[in-house]
Each structure stands twice: as C-alpha cells, then as structure tokens.
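Going down the list, the sequences are from chains Y and R.
With this note's numbering, letter number 93 in the first sequence gets 213, and the count goes up by one each step, no holes.
With this note's numbering, letter number 63 in the second sequence gets 50, and the count goes up by one each step, no holes.
Report on the following structure.
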Amino acid sequence: MAIDCTTALELLLEAEPADLDGSASSELSVHVRECARCRAVGQELLVQQDRLSRELAALRPAVGVEDALQKARRERMRRSRRRQAWRLAAPLAAAAAVAAVFLARGPEAGRMPGEVVALPASRIEPSVEVSAGQNVMVFETRDRSAKVIWFY
Amino acid sequence: MPGYRENCLSEPTRMEEGVSALIEGAQAGDDGAFEQLVRRFYDRIYRWALARTGDRDDADDVTQEVLVRLHRHLDGFDGRSRFTTWLFQVTRSAAADLHRRRTRRARLALRARLGSGRTEVVDPRGSETQADLDRAGGLVAVFLEELSDRQREVFDLVDLHGYAPAEVGAMLGMEPVTVRSHLFRARRSIRRKVLESHPELVEDYGN
Ligand SMILES: [Zn+2]
C-alpha cells in the first residue's frame, strides 16, 4: 500500500464518490480496495450521502404545484393591474413635475433640458410620432406659448 | 451503490428531454403547456431555492415568485443555453431579491423598534423553521445550517445531482477551482458529521 490509513482517512473526507468505493485508479482507491477498515469508512460515507440525498428529496414545498399555479395566476393579475395604474400615474406625476419646474422659471426665464425648437406661432400645434413601446406626454403652458414634449 | 450514481449523473440531461416543445407552446401563449412546464420543474425549483437559501420557508417564497417570473420572462428564453440553466438563474435572482427585501425589512423593523424604545433584536427566521430542522435528520441540518450558501449549492449540484464542476462554475459564475474548493469544504463538513455519529469506524485510526 502506497499510503497509510491516516492519510487515506484524510483523503476520504474530500474524495470523489468513485474513490470512496475504491472503483477509481487513484492511490486512495487502491488503498480502499485493499484495506477493510478504510473501505468500511468509504462505504458508510456513500450510504449516508445517499440517505441525505433521499431526505432532502423528501422535503417538499409547503404548497402543492396546482395551488402554486393558481396563486401565481392571481399574483400576475394583481401585478398587471398595479402596472397599469402605474403607467397612468407616472406620466401624470412626471408632467406635473416638469410643469412645476417650467412655471417656476417662467416662460422666458431659461432653457429647458433637451433640444429647444422654435416654431412659428401658427404652427405650434405639433403632430408627434413615437416608435412602438415609447410613450410621449405633451404639456402646454397656460398662455399656450410653449409646449413641453416629453418622450420616455 | 449503483442506483446512487446512475441517477445522479444522468440528471442534467434527463431534465431537458421534451422540454423545448413545452417552451415553444408556452411562449406561443398555450397555458396548458406553461402549466406542464411548471409541473415538471416545480420540485426542482424548490430544491434549488432550498439549496440557495438553506431555509424551507424562504424556499417556498422563492418558488412561488419563480412561477410568476417564469410566466413573465419565458419569452426572453432564446434556447441558447439549457433551459435548466436559465431557470436556475431565474431562481437564483428571485432568491437574491427575496434576501434583499428581507434584509431591508429586518432593518426597518429594527429601526421601528429602536424608535419605540424597545431594543431587543428578533431573529427574522421564525421558530417553526428551527423546529423543522430539529425534526429532520442530522445531515439535513448540517446541509441547511452549517454549510455556506455557496457550499450548499455546489455540493447539491455536483454530489447530489451529478453536474460537472465546470458546468456548475458556469452556472454560478465561479472559476472551477473555486467550485472545487467549496465542494471540498462541504464534503468535509458532511463527512465529518457522518464519522462523528459512527465513532466505531475511526476509533483505532492513528494507532
Ligand atoms: Zn486503511
């Protein structure tokens, strides 16, 4: 035997399953095949790992799959309602915030973020196109002299 | 122990059989296909969640959340990776989000208690979980309680489900050498426990 039992025991703590039952070609496997004591240890480690595997497999979810599916359906509906509400509320809140900034500065006071396009007064009614999936919000000052077109 | 290794090595491949038809159906809006897909992977999702969290109640919550996310994100699965690998990532991300929420909630609860003049810190994991663990076998308790999250995941995938360390490295975003290091530490904890409960096996070692 190339290795002694103390070394073999130390190696058994980290060894591959094939080494535990001596079916590999490593020094440890050779030792396990020839030494009854280490073979007994290797066997017990395999037996107990198998038992752990079965005990873990026996731990099941608290809720059965059919109930979980139903619960998930309800949750999806709840979230989708919440998202729809958000879709409406968010742009309104954002537009109100933009308007507040804009009005606080006054129409002549300063530059808005983004590009400022001056349009002739007669053409101030804009036609806005957005790509699919993009949203747009048009906001106008009380005297109708300026518009905020907000893409998000 | 022939059953042990046959089961174990074939699992990653076995799980994928016939799955692509179900995925295509579910992606096309067939609820029946979606439900079949869920039935097929439900226990697996729970087990991943359990290995990730080490807590049965948390694993239940994560599993439920994965079902909701699966429905929403299945369109994003493009078949470039194995479905199980993709589903595993969905599960891990749900577990990570739950962990973040729990930590935040615990922090807020603590702050609220401190604010109200009460200073005791309550373990967010309930006492029921502990009772469950005590009833479970000794090795299950070591697995859930003593291994780190990483050790538990790696050990579960490699030794209990037959994934190759390299594959687990890709799934967990770890170098193979790191996977091995977690695996060896997990094996040590589990196997030491086995030897502790069978002292007769090792009593005359070192003589
Ligand atoms: Zn020996």
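Beta carbons: idealized from backbone N, C-alpha and C, even for Gly.
Every value quoted in this text rests on a predicted model; they were computed, and no experiment measured them.
Item, Value
"Check: Y/ARG157 C-beta below 7 Å from any heavy atom of ligand 1", "yes"
"Contacting positions in the segment 177 to 188 of chain R - beta carbon closer than 9 Å to chain Y", "ILE177, ARG178, ARG179, LYS180, VAL181, LEU182, SER184, HIS185, LEU188"
"Any non-hydrogen atom of ligand 1 within 7 Å of Y/HIS151 CB", "yes"
"Distance cut-off 7 Å: Y/ALA128 Cβ against heavy atoms of ligand 1", "yes"
"Segment contact, 8 Å Cβ cut-off, at least three pairs: the segment 142 to 162 of chain Y with the segment 170 to 179 of chain Y", "no"
"Host beta strand (DSSP E) of Y/PHE259 (start-end)", "256 to 260"
"Segment limits, alpha helix (DSSP H) that includes R/ARG139", "136 to 142"
"Chain R contacts made by the segment 140 to 152 of chain Y, where a contact means CB separation under 8 Å", "ASP141"
"Where R/TYR192 meets chain Y, residues with beta-carbon distance less than 7 Å", "CYS125, THR126, LEU129"
"Separation of R/ASP84 from R/LEU182, as counted between CA atoms", "37 Å"
"C-beta contact flag for R/VAL204 and R/VAL166 at 8 Å", "What is shown of chain R runs -12 to 194, which leaves residue 204 of chain R out entirely."
"Short CB-CB distance (under 8 Å) between R/THR165 and chain Y", "no"
"contact_flag[the segment 141 to 149 of chain Y, the segment 184 to 193 of chain R] where n(CB pairs < 8 Å) is 3 or more", "no"
"Span separating the alpha-carbon of R/GLY16 from that of R/GLY66", "17 Å"
"Chain R contacts made by the segment 168 to 199 of chain Y, where a contact means CB separation under 8 Å", "GLN168, GLN169, ASP170, ARG171, LEU172, SER173, GLU175, LEU176, ALA177, LEU179, ARG180, PRO181, ALA182, VAL183, VAL185, ALA188, LEU189, LYS191, ALA192, GLU195, ARG196, ARG199"
"Extent of the continuous alpha helix (DSSP H) run through Y/PRO181", "Y/PRO181 -> no alpha helix (DSSP H), and no H or E assigned at all."
"C-alpha gap between R/ARG269 and R/HIS86, whole angstroms", "Here chain R comprises residues numbered -12 to 194, so residue 269 of chain R is not present and cannot be evaluated."
"Cβ shell of R/SER176 (< 7 Å), same chain only, five flanking positions each side left out", "VAL129, GLU133, LEU134"
"Sequence-distant residues of its chain with Cβ nearer than 6 Å to R/ARG137 (five each side left out)", "HIS169"
"Per DSSP, cross-strand counterpart(s) of Y/PHE271", "Y/VAL256"
"C-beta neighbour in chain Y for R/GLU22, strict 8 Å", "yes"
"Between the CA atoms of Y/LEU172 and R/PHE75 - distance to the nearest angstrom", "22 Å"
"C-alpha distance - Y/VAL185 paired with Y/VAL167, whole-angstrom precision", "31 Å"
"Proximity test, Cβ basis, 8 Å: R/LEU126 and chain Y", "yes"
"Host alpha helix (DSSP H) of R/HIS148 (start-end)", "Neither: R/HIS148 is in no alpha helix (DSSP H) and is coded neither H nor E."
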